[in-house]
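In this note's numbering, the protein residues as written are 1 to 184.
Ideal Cβ positions, reconstructed from N, Cα and C, are used throughout, including at glycine.
Computed from a predicted structure; not experimentally measured.
Heads up, the thing below is written out as structure tokens.
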Ligand code: HEC
């Protein structure tokens, strides 16, 4: 486990990937949300664009076999940054798994839930002018893992990770560095 402490004298939104978005006025079905949010890159049939976008068939169904794969899907930048609510994002991911991974997903696939897709390292604090508060955000080490295709394994690189903090993803005045070291 790693944690980051931040002290700020005004109200802040602190997040590893901060999102500040307007909610759509009405809810759409997952199929429509796919068309609006994903299809521009993944095409209607989830097929690949060589050198740019991987295919969804043969991928999503396999990724949901392991917790790291589920976590990877949730934090894909284009999934995490939609204007959809957590519940709608969970519903969309379940739709994507059924639509493109039905043949490969585990038979007892547990659907994504709103809680699972919620931002992890996120806390909103309201402070009076001049007041201070320490905000501790925990980032489980598994959330830094990525899939190393050459080694066919999940890996966490021993690197220095920069964590940005601010009022939204476009206003990130604070940053800190986390170092990840191998267990002895
Ligand atoms: C701007 C283009 C773009 C949009 C929009 C987009 N994606 Fe992606 N997606 C990518 C790229 C590129 C990758 C490859 C991994 C990466 O670079 O993040 C990817 C990877 C993925 C993967 C993992 C596939 C693999 O084998 O690693 C899934 C699943 C996925 N996207 C689902 C979605 C969903 C669901 C949406 C809509 C909410 C969406 N994407 C929107 C470009 C996009």
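*DSSP state of residue 82, grouped into three classes?*
Judged by DSSP in its simplified three-state form, residue 82 adopts coil rather than helix or strand.
_Please classify residue 52 as buried or exposed, where buried requires at least 16 neighbouring CB atoms within 10 angstroms._
Exposure of residue 52 is indicated by the presence of fewer than 16 other C-beta atoms within 10 angstroms of its C-beta.
*beta-carbon residue 65 near ligand 3 non-hydrogen atom, thresh 8 Å*: Among the ligands in the structure shown, ligand 3 does not appear; only ligand 1 can be found there.
*Between the Cα of residue 32 and those of 88, 77, 140 and 108, spot the shortest distance and give me the residue it belongs to.*
Among 88, 77, 140 and 108, the Cα nearest to that of residue 32 belongs to 88.
*Beta carbon of residue 73: closer than 8 Å to some heavy atom of ligand 1?*
Yes - ligand 1 has a heavy atom lying nearer than 8 Å to the Cβ of residue 73.
_Contacting residues, own chain, Cβ-Cβ under 6 Å from residue 69 (five flanking each side not counted)_ = If the five residues before and after residue 69 are omitted, its C-beta is found closer than 6 Å to the C-beta atoms of 63, all from its own chain and listed in chain order.
*Specify whether the stretch 122 to 136 and the stretch 77 to 95 touch according to this definition: at least 3 beta carbon pairs, one from each stretch, less than 8 Å apart.*
The stretch 77 to 95 and the stretch 122 to 136 do not touch, with fewer than three beta-carbon pairs separated by less than 8 Å.
*asked:* Which of the three DSSP states is assigned to residue 73 in this structure?
replied: The answer is helix: DSSP assigns residue 73 an H, G or I state.
_residue 165 and residue 174 closer than 9 Å at C-beta_ = With respect to the 9 Å criterion, residue 165 and residue 174 are classified as neighbours on the basis of their beta carbons.
*asked:* In the DSSP output, what is residue 49 paired with across the bridge?
replied: Among the bridge pairs identified by DSSP, residue 49 is matched with 53.
*Buried or exposed for residue 76, please, with buried defined as at least 16 other CB atoms from any protein chain shown within 10 angstroms of its CB.*
The residue is exposed, with fewer than 16 neighbouring Cβ atoms inside 10 Å.
*Please report the residue range of the alpha helix (DSSP H) in which residue 62 lies.*
Residues 60 to 63.
*Would the C-beta of residue 94 count as close to ligand 1, meaning under 8 Å from any of its heavy atoms?*
Checking the Cβ of residue 94 against ligand 1 gives no.
*Can you find a heavy atom of ligand 1 that lies under 8 Å from the Cβ of residue 82?*
Set against 8 Å, the gap from the CB of residue 82 to the closest heavy atom of ligand 1 is smaller.
*asked:* I need the DSSP call for residue 66, collapsed to helix, strand or coil.
replied: DSSP, reduced to helix, strand and coil, places residue 66 outside both helices and strands of the structure shown, so it counts as coil.
_Is it buried or exposed, residue 177, if we count other Cβ atoms within 10 angstroms and call 16 or more buried?_
Around the beta carbon of residue 177, fewer than 16 other beta carbons lie within 10 angstroms, which makes this residue exposed.
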